[in-house]
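The working numbering numbers the first residue of the sequence shown as 840 and each following residue consecutively.
All C-beta atoms in this analysis are idealised placements derived from N, C-alpha and C, irrespective of residue type, glycine included.
Inspection log for the structure reproduced underneath, given as C-alpha cells.
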Amino acid sequence: MHLEILLESPVHTADIGIKLSRILKAGDILLLSGELGGGKTTFVSGLARGLKLKEDVSSPSFTIINEYINGKLRLIHIDLYRLEGEAEFENAGIDRYISKKSGIVCIEWGEKLEKFIDKDYLKIDFKYCPDKGIDKRIIMINWKSTYWDRKIKRFRKIIRKKEGLL
Ligand SMILES: Nc1ncnc2c1ncn2[C@@H]1O[C@H](COP(=O)(O)OP(=O)(O)O)[C@@H](O)[C@H]1O
Ligand SMILES: [Mg+2]
C-alpha cells in the first residue's frame, strides 16, 4: 500500500515529519531512501521537533548513529551512507537498535538494509521533482502490514485536517 505527497518546500517537508511523529511509538522503524539532498534529514529534523527534542538533528553521516533521549520518545537516527553489506551493519550494531524497541528508529539510506531486515517498517522514498521546481520533492510512503495501515489512516486524517492536502 502506498501514499504519495508533494512537498512544496523544506519547511513543508519538516512539517510532514512533525505530523508523522504524532502517530509513532517506540519500536517503529522508518527506512528513508532517495538521493543525497532528497530531504531525508530535513524530514527527520521535523520529526524530532514533533517529539519536542531539545537539540537540532543534523545528518549523522560521520557518526552513523545518533541517539536523542530528551524528547517525548527516544529517537534513534541512523545513516547508512558509508556502510555496505550485512557484516558492516552488524559491526555498527544496527540490528541491536532495531530490535530493542527503545525508541523510534529512522534510517537514512535505509534501502540498503531492506533485504536484511525481518521487522515490519515504513518505507519513505524521497524524489526530486525538477519539473515542478528546485525546492519541490515527492515522497512515496510504502508499507505492507495492517499495523501501518491503521497508523497511516490516522496520519492521513492529520494532514487532511490541517492542510486540505491530498
Ligand atoms: N521540498 C524540500 N524538502 C526538503 N529539502 C528541500 C526541499 N527543497 C529544497 N530542499 C533542500 O534540499 C536539501 C535537503 O537536504 P537533506 O534534508 O540533508 O537531504 P538528505 O538527508 O536526503 O541528503 C536541503 O538543503 C534543503 O534546504
Ligand atoms: Mg541526510
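query: For F965, which residues does DSSP report across the bridge?; result: G873, I978
query: Can you look up I862 in the DSSP assignment and give me helix, strand or coil?; result: coil
query: Ordered along the chain, which non-local residues of its own chain (more than five positions away) have a Cβ less than 8 angstroms from that of I855?; result: I844, L846, F882, G885, I978, I998
query: Does the stretch 866-878 come close enough to the stretch 947-965 to have 3 or more Cβ pairs within less than 8 angstroms?; result: yes
query: Look at the alpha carbon of G942 and the alpha carbon of L912, and state the distance between them as a whole number of angstroms.; result: 6 angstroms
query: Helix, strand or coil for N905? Go by DSSP, reduced to three states.; result: strand
query: Is it buried or exposed, V944, if we count other Cβ atoms within 10 angstroms and call 16 or more buried?; result: buried
query: So, at 8 angstroms on beta carbons, what are the nonlocal neighbours of K971 in its own chain, with the 5 sequence-adjacent residues on each side left out?; result: L845
query: Within the continuous alpha helix (DSSP H) that includes V883, where are the two ends?; result: 879-889
query: Identify, in the order they occur along the chain, each residue of the same chain with its Cβ nearer than 6 angstroms to the Cβ of T852, setting aside the five sequence neighbours on each side.; result: L846, G878, T881, F882
query: How is V850 classed by DSSP in three states: helix, strand or coil?; result: helix
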